[in-house]
Amino acid sequence: LDNFIMGEPIFEQGGVRILPAMEQGSEAKYIVKIISIPATQFQVDALLITGAYQSADAVNGYFAELADSVIQEAGVLTQLSNAGGFDGYINTQVVPMDDGNGYDVYLLAPYRPTWDRVSQQKAVTHLDGYNLALDVCAALSIARRNGYLYTNLKPESISMSASGSYHICDL
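Numbering (the working numbering), first residue to last: 5 to 175.
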């Protein structure tokens, strides 16, 4: 992601930041989702104080496993996007945090407006509602046929393509 210019976060909560981005020399718009593992130093301290892990190295190993699981989940989203109904990430990157206690996971996706933004910017018709329902149900069916159960459906997790179809864009 070195060739990308990132803007100010448009969302920030619980160790997750979402930033707009553009590739240098291009007009294409992207979204970068950064997941910080751990979100705070308190999470490191809690694992050590409770005795869940005996050393900072063991805690960091646990965080490395979590970062790997995020990358695997991004791979599932990409797999599902190839089957249809989902928008996957086009690039991922894991970077150790500056203090050595954890990782930042970067997920890059093309910019597509989400349902919450679309519904705020224009009047939603009955046809829009039907199309949304049909497209989301089709995506959920694709996930189920591939052995996954989607449990986090919300307006921010549904994107609209340039052709007007709706896709699930987050796991």
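The C-beta atom is built at its ideal place from N, Cα and C for all residues, glycine as well.
Note that the coordinates shown come from a computational prediction; the quantities given were computed from them, not determined experimentally.
Supposed contact pair residue j and residue i - C-beta distance, whole angstroms, cut 8 Å
i	j	result
Ser4	Asp139	Because residue 4 is not part of the residues shown, which for the chain are 5 to 175, the question remains open.
Val98	Ala78	Their Cβ separation, rounded to whole angstroms, is 10 Å, which puts Val98 and Ala78 out of contact at 8 Å.
Tyr110	Ile35	That pair is no contact at about 11 Å.
Residue(s) in a DSSP beta bridge with residue i
i	result
Val8	Looking at the sequence provided, one finds Phe at residue 8 rather than Val. Looking at the DSSP assignment, Phe8 forms a beta bridge with Glu27.
Pro100	Tyr107
With 16 other Cβ atoms within 10 Å as the buried cut-off, status of residue i
i	result
Phe67	buried
Ala147	buried
Leu84	buried
Leu131	exposed
Leu153	exposed
Cα-Cα separation, residue i to residue j
i	j	result
Ile94	Gly151	22 Å
Asp102	Val63	16 Å
Lys252	Trp119	Nothing in the structure corresponds to residue 252, since the chain is present only between 5 and 175.
Val80	Leu175	9 Å
Ile41	Gly65	11 Å
Cutoff 6 Å; reference residue i; Cβ partners in own chain excluding five residues on either side
i	result
Pro117	Met164
Arg21	Pro13, Ile38
Phe15	Ile22
Ala113	Ile35, Tyr93
Ala25	Phe8, Met10, Tyr34, Val36
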